[in-house]
Amino acid sequence: MAARILCIEDDPDMIDYIRLILTKAGYEVIGAEGGEAGLEAMRREAPDLILLDLMMPGMDGAEVLLHKKEDPAIRDIPVIALTALDSPFDQLMWLARTDLQDFIVKSKLPRRELIARIERVLQSYEPPTGETGT
Numbered sequence: 391m392a393a394r395i396l397c398i399e400d401d402p403d404m405i406d407y408i409r410l411i412l413t414k415a416g417y418e419v420i421g422a423e424g425g426e427a428g429l430e431a432m433r434r435e436a437p438d439l440i441l442l443d444l445m446m447p448g449m450d451g452a453e454v455l456l457h458k459k460e461d462p463a464i465r466d467i468p469v470i471a472l473t474a475l476d477s478p479f480d481q482l483m484w485l486a487r488t489d490l491q492d493f494i495v496k497s498k499l500p501r502r503e504l505i506a507r508i509e510r511v512l513q514s515y516e517p518p519t520g521e522t523g524t
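Just so we're on the same page, the working numbering is the position in the sequence shown counted from 1, plus 390.
Right, dumping it as structure tokens:
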């Protein structure tokens, strides 16, 4: 069964672009426009991985991560950040202060690299023990 990836992004064109790339690679992609819609989709869809834009109007990526961390049903889903922040310092700060598994700069989003990073995170992710699958 194909891994389910939730893309939380405020730009619908970016969601469509990511969906196009990942669907061709065999993934199922669910799009959610904005942080609030993303949290609802996390709970409803139970994705295997989340691609999260950090800089969104309204509920931004940091707030999404805080809500996710507080909810036992979704807290362990791995997250890769998608952002325009290309400063290595900013990336290190986000990785150190959050439970992000990786950081991808949108302007440097070659198809192969996106797929490779998703595969790496999915392969290294181990669901919590003691839970039953749905």
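Glycine included, each C-beta is placed from N, C-alpha and C at the ideal position.
Owing to the predicted nature of the structure, the values given are computational and were not obtained by experimental measurement.
Exposed unless 16 or more other CB atoms sit within 10 angstroms - verdict on residue i
i      : result
Ile405 : buried
Asp400 : buried
Asp489 : exposed
Leu444 : buried
Asp438 : buried
Gly448 : exposed
Gly416 : exposed
Lys414 : exposed
Lys525 : Since the first residue of the chain shown is 391 and the last is 524, residue 525 is not available in this structure.
Ala463 : exposed
Ala392 : exposed
Cut-off 6 Å between Cβ atoms - residues of its own chain near residue i, not counting five sequence neighbours on either side
i      : result
Ile440 : Leu396, Ile467, Val469
Ala471 : Leu442, Leu444, Leu490, Phe493
Continuous alpha helix (DSSP H) stretch holding residue i: start and end
i      : result
Ala506 : 501-514
Selected residue, minimal CA-CA separation from residue i, among the options
i      : options                        : result
Leu455 : Gly421, Val495, Val511, Leu429 : Leu429
Ile508 : Leu442, Lys458, Ala427         : Leu442
Ser514 : Lys496, Gln491, Ser497, Lys498 : Gln491
Leu368 : Ala392, Ile408, Ile398         : Nothing about residue 368 can be read from this structure; the chain reaches only from 391 to 524.
Val495 : Thr473, Ala422, Leu512         : Thr473
Ala452 : Leu512, Pro402, Gly425         : Gly425
Asp461 : Arg433, Met446, Asp403         : Arg433
Arg465 : Asp403, Glu516, Met446         : Glu516
Ala431 : Asp403, Ile398, Val511, Leu512 : Ile398
Residues near residue i by beta carbon distance below 8 Å, same chain, minus five either side
i      : result
Ile411 : Arg501, Leu504, Ile505
7 Å Cβ shell around residue i - same chain, five flanking residues per side excluded
i      : result
Arg394 : Glu418, Ile420, Glu435, Pro437, Asp438
Met446 : Asp400, Gly424, Gly425
Continuous beta strand (DSSP E) stretch holding residue i: start and end
i      : result
Asp492 : 492-495
Considering only residues of the segment 414-479, which uninterrupted beta strand (DSSP E) runs meet the minimum length of 3 residues and lie entirely inside it, listed in chain order? 418-423, 439-443, 469-473
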